[in-house]
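Residue numbers (this note's numbering): 12 to 146. Backbone N, C-alpha and C fix where the C-beta goes; we use that ideal spot for every residue, glycine too. These numbers come from a predicted model, not from an experiment. Notes follow once the structure below has been shown.
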């Protein structure tokens, strides 16, 4: 799995309460997912070469603590399930001090963009994904 994804809480991500807006947690998780999906072989290059990609079909975020302006956030990502048509990714977001501030799960399906339909991923990618699963 990739090294933790890190970013800083930007001023434009703050809400009127002075902490990171709830939607921005999803943004940070999506960025971390892109790193993981690329490492697994499902990134932009795969889409360009095959016309196939992954689409997010479900997400769930638990907000545990606030993130404030300028704070560094580290996201550890793990593939927790891989089936022929689906991937499930779990994220743990931690603030600079190490406290877990949120957790998230995202479910992706493998899509043929020419047909717009979900279809099984190529066997070699499925095998690679299955070998990366960490429940």
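Task: Helix, strand or coil at residue 27 [DSSP, three-state] - done: Residue 27: coil per DSSP, three-state reduction.
- [ ] Rounded to whole angstroms, what's the CA-CA distance from residue 80 to residue 13? Just pull it up for me.
- [x] Approximately 26 Å, taken between the alpha carbons.
- [ ] Tell me where the alpha helix (DSSP H) around residue 46 begins and ends.
- [x] From DSSP, the alpha helix (DSSP H) with residue 46 extends over 33-51.
Task: Neighbour-count burial assignment, residue 105, 16 or more Cβ in a 10 Å radius - done: Burial call: buried.
TODO: Please report how far the alpha carbon of residue 45 lies from the alpha carbon of residue 116, in whole angstroms.
DONE: If you take the alpha carbons of residue 45 and residue 116, they lie about 14 Å apart.
Task: Limits of the beta strand (DSSP E) - the one that residue 116 falls within - done: The continuous beta strand (DSSP E) containing residue 116 extends over residues 111-123.
- [ ] Mark residue 57 as exposed unless 16 or more other C-beta atoms lie within 10 angstroms of its C-beta, in which case mark it buried.
- [x] With 16 or more Cβ atoms within 10 Å of its Cβ, residue 57 is classed as buried.
- [ ] Spell out whether any CB of chain D is found under 9 Å from the CB atom of residue 115.
- [x] Going by chain labels, chain D is absent from the structure shown, which holds only one protein chain.
Open item on the list: Contact defined as beta carbons within less than 8 Å: I believe residue 87 pairs with residue 70. What is the distance between those atoms, to the nearest angstrom?
Closed with: Between residue 87 and residue 70 a beta carbon distance of about 17 Å is seen, past the 8 Å cut, so the two are scored as non-contacting.
Task: Assigned secondary structure, residue 104 (DSSP; H/G/I helix, E/B strand, else coil) - done: Residue 104 falls in the strand class under three-state DSSP.
Open item on the list: Considering only their Cβ atoms, is the gap separating residue 41 from residue 72 smaller than 9 Å?
Closed with: Between residue 72 and residue 41, the C-beta gap is not smaller than 9 Å, which leaves the two residues out of contact.
Task: Bridge partner(s) assigned by DSSP for residue 65 - done: Looking at the DSSP assignment, residue 65 forms a beta bridge with 121.
- [ ] Please work out which residues of its chain come closer than 7 Å, Cβ to Cβ, to residue 129, disregarding the five sequence neighbours upstream and downstream, and give them in chain order.
- [x] If we look at residue 129 and ignore the five residues flanking it on each side, its Cβ neighbours are 96, 120, 121 and 122.
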